[in-house]
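> If you're matching them up, the sequences are chains F and E in order. Residue 333 in my numbering sits at position 333 of the first sequence, with consecutive numbering throughout. Residue 101 in my numbering sits at position 101 of the second sequence, with consecutive numbering throughout.
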Amino acid sequence: MTNPKGRFGRHGGQYIPETLMNAVIELEAAYDYFKNDPGFCAELTELLNEYAGRPSRLYFAERMTRDLAGARIYLKREDLNHTGAHKINNVLGQALLAKKMGKTRLIAETGAGQHGVATATAAALMDMECVVYMGEEDTKRQALNVYRMRLLGATVIPVKTGTATLKDAVSEAMREWTTRIDDTHYCLGSVMGPHPFPTIVRDFQAVISREIRAQMLEKEGRLPDAVIACVGGGSNAIGSFYHFIDDPQVRLIGCEAAGRGIDTFETAATMNTGRPGIFHGMKSYFCQDEYGQIAPVYSISAGLDYPGVGPEHAWLHDIGRAEYVPVTDEEAVCAFEYLARTEGIIPAIESAHAVAHARKLAPAMGSDRIIVITISGRGDKDCAAIARYRGEELYE
Amino acid sequence: MNKIKAAFAGGKAFIPFITCGDPDLETTAACVRAMAAAGADIIELGIPFSDPTAEGPVIQEASLRALNGGVTTDKVFDLVRDLRRDVTVPFVFMTYANVVFSCGAERFFKACADVGVDGLILPDLPFEEKEEFLPLCRQYDVALISLIAPTSAGRIAAIAREAEGFLYLVSSLGVTGVRSEITTDLASIVKVVRENTDIPCAIGFGISTPEQAKRMADLSDGAIVGSAIVRLLERYGTQAPPHVGDYVKTMKDALREGESV
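#1: Find the residues of chain F that neighbour Q98 of chain E, judging by a C-beta separation of less than 8 Å, and give them in chain order.
#2: If you run the structure through DSSP and keep just helix, strand and coil, what is T163 of chain F?
#3: Which residue from E:C103, E:M35, E:G46, E:A97 puts its Cα closest to that of D86 of chain E?
#4: Spatial neighbours of L68 of chain F within its chain, please: CB distance less than 7 Å, with the 5 preceding and 5 following residues excluded, ordered by chain position.
#5: Who does S284 of chain F pair with in a DSSP beta bridge?
#6: Kindly say whether P17 of chain F, judged by its beta-carbon, lies nearer than 8 Å to any beta-carbon of chain E.
#7: Express the C-alpha separation of G46 of chain E and Y133 of chain F in angstroms, rounding to a whole number.
#8: What number of angstroms, rounded off, separates the C-alpha of F91 of chain E from the C-alpha of S284 of chain F?
#9: Pick from F:E137, F:Q94, F:D138: whose alpha carbon is nearest that of A118 of chain F?
#10: Would you kindly work out how many angstroms separate the C-alpha atoms of T103 of chain E and D74 of chain E, rounded to a whole number?
#11: Where does S235 of chain F land, buried or exposed, given buried means 16+ other C-beta within 10 angstroms?
#12: Which same chain residues end up closer than 6 Å to P296 of chain F when comparing Cβ atoms and leaving out the 5 residues on each side of it in sequence?
#13: Buried or exposed: which applies to Q139 of chain E, given that a residue is buried once 16 or more other Cβ atoms fall within 10 Å of its Cβ?
#14: Taking 8 Å as the threshold (C-beta atoms), are E350 of chain F and G274 of chain F in contact?
#15: E129 of chain E touches chain F at which residues, Cβ-Cβ below 7 Å?
#16: Which same chain residues, not among the five before or five after F8 of chain F, have their C-beta less than 6 Å away from its C-beta?
#17: Who are the neighbours of K103 of chain F on chain E, taking C-beta pairs under 9 Å?
#18: Just tell me which of F:V309, F:G344, F:S301 has its CA closest to the CA of A332 of chain F.
#19: In chain order, what residues of the same chain lie with their CB nearer than 6 Å to the CB of M1 of chain F, ignoring the 5 residues before and after it?
#20: Apart from the five residues just before and just after Q60 of chain E, which ones in its own chain have a Cβ nearer than 8 Å to its Cβ?
#21: Please report how far the alpha carbon of D118 of chain E lies from the alpha carbon of E195 of chain E, in whole angstroms.
#22: Contact check, V190 of chain E vs L219 of chain E under 8 Å by CB: the rounded distance?
#23: For R161 of chain E, is the beta carbon positioned less than 7 Å from some heavy atom of the ligand PLP?
#24: Quick one: using the 10 Å Cβ neighbour count with 16 as the cut-off for buried, is G6 of chain F buried or exposed?
#25: Should I319 of chain F go down as buried or exposed, given a rule of 16 or more other Cβ atoms within 10 Å for buried?
#26: Examine chain F for any beta-carbon lying closer than 8 Å to the beta-carbon of P210 of chain E, and answer yes or no.
#27: For V248 of chain E, name the three-state secondary structure that DSSP assigns.
#28: F91 of chain E bridges to which residues according to DSSP?
#29: Alpha carbon to alpha carbon, how far is P241 of chain E from C31 of chain E? Give it in angstroms, no decimals.
#30: Within this structure, are the beta carbons of Y186 of chain F and I107 of chain F separated by less than 8 Å?
#31: Going by CA-CA distance only, name the one from E:T27, E:E131, E:K252 that's closest to C209 of chain E.
#32: At what residues does the alpha helix (DSSP H) containing E106 of chain E begin and finish?
#33: On the three-state DSSP scale, how would you describe K12 of chain E?
#34: Quick one: which chain E residues come within Cβ less than 8 Å of K167 of chain F?
#35: Hey, H317 of chain F and M282 of chain F: beta-carbon distance below 8 Å or not?
#36: Should N3 of chain F be labelled buried (16 or more other beta-carbon atoms within 10 Å of its own) or exposed?
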């Protein structure tokens, strides 16, 4: 799918400073070697199963199914992974790869803090140094995760530039990488950035759809009719979609954070409000003004609060293979509460965007239809923020 | 493109950078005129970008000041058109790929040709991606200037062979900004460049003092200074032009020293 320069249709590429070019070339060569190395693959599978707790469950949400009175609903429980989100799938892969490359230090960006926690976890496990860049605004929204990262031995650097959110954390991690390349691997958290990151991260997250496919065939004897996942950069979504891309009967639906609505400036719905651009190492869709200045975006969810989207999603959008729908803060918060009460599962506010769309979609589908929603993470980290959204003065 | 080459013909070149619109376009215009009068050989004009990933804090903040002041790519083109009434020094734009892409590359390069911009530096457009804009650069005779970094081992010859305008040799790892010491083995990089092209090669990133500029220019064909000048804008604001002129004169004088000896 990827051409020699890491293209997904017109998207992707390697738009980065010359200083980093040999680093990404070295990474690509190492990945191309190790992805086919039986020893590496066995070691990674062992880590994913024994340490992260894979395979994650594909749970039939019976109460939700009955309540919505339409399609049968399954939840892919990435929230049950060690560290509480899908991020660990990618991080264990990249950390192991970095270790094989002789790197001793991991740097990472984080939005909600889930990728930062996962990277700090892998660094602790593999005895590597770890520095995490996090927008100052997000360090406030997700204070508990900052503590968690420090507890795991990582250094957290609050990023004060720009909007002090995920985009600025990515910029700062890229800047930091240019100062120290020899011993440092940039453990990028989503299917974005310059080639080979979108491919590497997608491959490590593709375990999600590999499992959904097998579990669904076992439980229902057929493929689902729709797979729904939230999209910021898009790693849990591409992981959930990947092994269904060649099955046109499976609808692939990505849920973007619309914030206060796609007709306002306070949104992060890249596909619905952005246009093609070049930023953070890739050509893709970005929220930007008429002069190409990257727009400050907004979502209640720190993990979806990003002005771009991974290039493979941009391509799936261009060719019409996947649909990308906006979900507002309000809809996501309602879905967060709904899943808690209906199934006793508190999803990450990011994942609640996918739940919200499923609530709209399922009633219009027949009871012989099947929807899979990827619950990309657990919502403990969001409880205080949602309480505040509902007017309760609750602080962590 | 010949205009850029000619700028290196009279000895070691001094190439100052300024962020357009920091703090306003009138100040930028006055600074550019002061730099030209003080002996700048090429002037790098920065079109501010919201998220300049190759810049250190000094130029990041300048970009923000400029954008907050309302500068746009169109206003920068107007600025250059105005400057070209009396300033003949070659101008090179320094910005980010999205500024060009988003403007519409054809419109951007046509405007460069119309107003008199001689070259373009895009720090996020490496050798592998230069085809994105190269055909239009050629069509409108705007030199697409390539960068070489301390980490470019194995790539220097290829980049040099296809270089246009001049080569921008990045002195050290990291982002732009003032450094007390530059430790990269630049002489051996320049040697590979020389073996592969006769296009001039200037060193930038981290240079602020006349001594550093002289040392870097001795190793190559010129010195590029950005953050040290932007700091003058940060400090003096709209009163910066004479200070910028004095600084550029000091730096250019340092490069002239010993040239005829």
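Don't be surprised by glycine CBs; every beta carbon is placed ideally from N, CA and C.
For this structure:
#1: First, the residue type needs correcting, since residue 98 of chain E is Asn and not Gln in the sequence shown. Counting only Cβ-Cβ distances below 8 Å, N98 of chain E has contacts in chain F at G277, I278, F279, F286, Q288, G292, I294, in chain order.
#2: The DSSP-derived three-state label of T163 of chain F is coil.
#3: Comparing Cα-Cα distances from D86 of chain E to each of E:C103, E:M35, E:G46, E:A97, the minimum goes to E:M35.
#4: A distance below 7 Å between beta-carbons, with the five flanking residues on each side excluded, links L68 of chain F to the following residues of its chain, in chain order: R359, A362, P363.
#5: DSSP lists F:G277 as the beta-bridge partner residues of S284 of chain F.
#6: With respect to chain E, the C-beta atom of P17 of chain F has a partner C-beta closer than 8 Å.
#7: Spanning the two alpha carbons is a distance of roughly 27 Å.
#8: Using only the alpha carbons, I get a separation of about 30 Å.
#9: The option with the nearest alpha carbon to A118 of chain F is F:Q94.
#10: The question names Thr, but residue 103 of chain E is Cys in the sequence shown. Between C103 of chain E and D74 of chain E, the C-alpha separation is close to 9 Å.
#11: Burial call: buried.
#12: Apart from the 5 residues on each side of it in sequence, P296 of chain F sits with its Cβ closer than 6 Å to the Cβ of T163 in its chain, given in chain order.
#13: The C-beta of Q139 of chain E has fewer than 16 other C-beta atoms within 10 Å across all chains shown, which makes the residue exposed.
#14: In this structure, G274 of chain F sits away from E350 of chain F, with a CB-CB distance that is not shorter than 8 Å.
#15: Under a criterion of Cβ atoms nearer than 7 Å, the residues of chain F adjacent to E129 of chain E are, in order, G13, Q14, Y15.
#16: Closer than 6 Å at the Cβ level, and outside the excluded window around F8 of chain F, lie P311, E312, W315.
#17: Identification of chain E residues near K103 of chain F by a Cβ-Cβ cut-off of 9 Å yields none; the smallest Cβ-Cβ distance measures about 15 Å.
#18: Of F:V309, F:G344, F:S301, the residue nearest in Cα terms is F:S301.
#19: Unreliable positioning characterises M1 of chain F in this predicted model, as indicated by a pLDDT of 37, which lies under 50. The coordinate reading is nonetheless provided below. Within the same chain, no residue comes within 6 Å of M1 of chain F by CB-CB distance, once the 5 residues on both sides are set aside.
#20: If we look at Q60 of chain E and ignore the five residues flanking it on each side, its Cβ neighbours are P52.
#21: Distance between the alpha carbons of D118 of chain E and E195 of chain E: 25 Å.
#22: Contact between V190 of chain E and L219 of chain E holds, since their C-beta atoms are separated by about 6 Å, short of 8 Å.
#23: Looking at this structure, you won't find the ligand PLP or any other ligand, since it has none at all.
#24: It counts as buried.
#25: Per the 10 Å Cβ criterion, exposed.
#26: Not one chain F Cβ lies under 8 Å of P210 of chain E.
#27: Here V248 of chain E carries a helix assignment [DSSP, helix/strand/coil].
#28: In the DSSP secondary-structure assignment, F91 of chain E is bridged to E:I43.
#29: About 4 Å.
#30: Yes, the Cβ-Cβ distance between Y186 of chain F and I107 of chain F is below 8 Å.
#31: Just to set this straight, residue 209 of chain E is Thr in the shown sequence, not Cys. A check of alpha carbon separations from T209 of chain E across E:T27, E:E131, E:K252 identifies E:K252 as the nearest.
#32: Residues 105-115.
#33: In the structure shown, K12 of chain E sits in coil (DSSP, three-state: anything other than H, G, I, E or B).
#34: Under the 8 Å cutoff, chain E gives D51.
#35: The answer is no: Cβ separation not under 8 Å.
#36: Any reading at N3 of chain F must be qualified, since the residue scores a pLDDT of 43, below 50, and its modelled position is unreliable; no value is offered.
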